[in-house]
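Below is one structure, written out as structure tokens, with a few remarks after it.
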Amino acid sequence: MNARSTLKPSADTPYNAADEKATEAFWSDAIAHKGVAELRRLRGQRGAQKTPKKAPVSIRYDREVIEAFKASGPGWQTRMNAALADWLKNHSPKELSK
664 MNARSTLKPS ADTPYNAADE KATEAFWSDA IAHKGVAELR RLRGQRGAQK
714 TPKKAPVSIR YDREVIEAFK ASGPGWQTRM NAALADWLKN HSPKELSK
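FYI, the numbering used here numbers position 28 of the sequence shown as 691, with every residue one higher than the one before it.
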């Protein structure tokens, strides 16, 4: 080690990199992967849901219904979902096909 080196051996050094056996022992428990790039999500991307609970759909409602729910403020889609779920507790979709 030359006089200018900032790396100084200490008790914190996990192993002597020049010792081949020590290096192999240190890295034997390492997890191998192809690269970090595959493990990272792109910025703004959500991770996969563990158990998807909702399905995206395209549906048309009367303008008055949408405006009423939107007027109630942020979270209107969640409240609309709750209203439909509440309706299903006491009714059956089969009732509508009559």
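Every residue gets a Cβ at the ideal spot worked out from N, C-alpha and C, and that includes glycine. Computed from a predicted model, the values in this text were never measured in an experiment.
{"Item": "Expected contact under 8 Å - CB spacing of Arg704 and Gly710 to nearest Å", "Value": "6 Å"}
{"Item": "Simplified DSSP assignment, three categories, for Ile729", "Value": "helix"}
{"Item": "For Asn679, three-class secondary structure by DSSP", "Value": "coil"}
{"Item": "Inter-residue spacing [alpha-carbon to alpha-carbon] between Gln712 and Lys752", "Value": "26 Å"}
{"Item": "Limits of the unbroken alpha helix (DSSP H) element including Gln740", "Value": "739 to 753"}
{"Item": "Pro715 to Gln708 span [Cα, whole Å]", "Value": "16 Å"}
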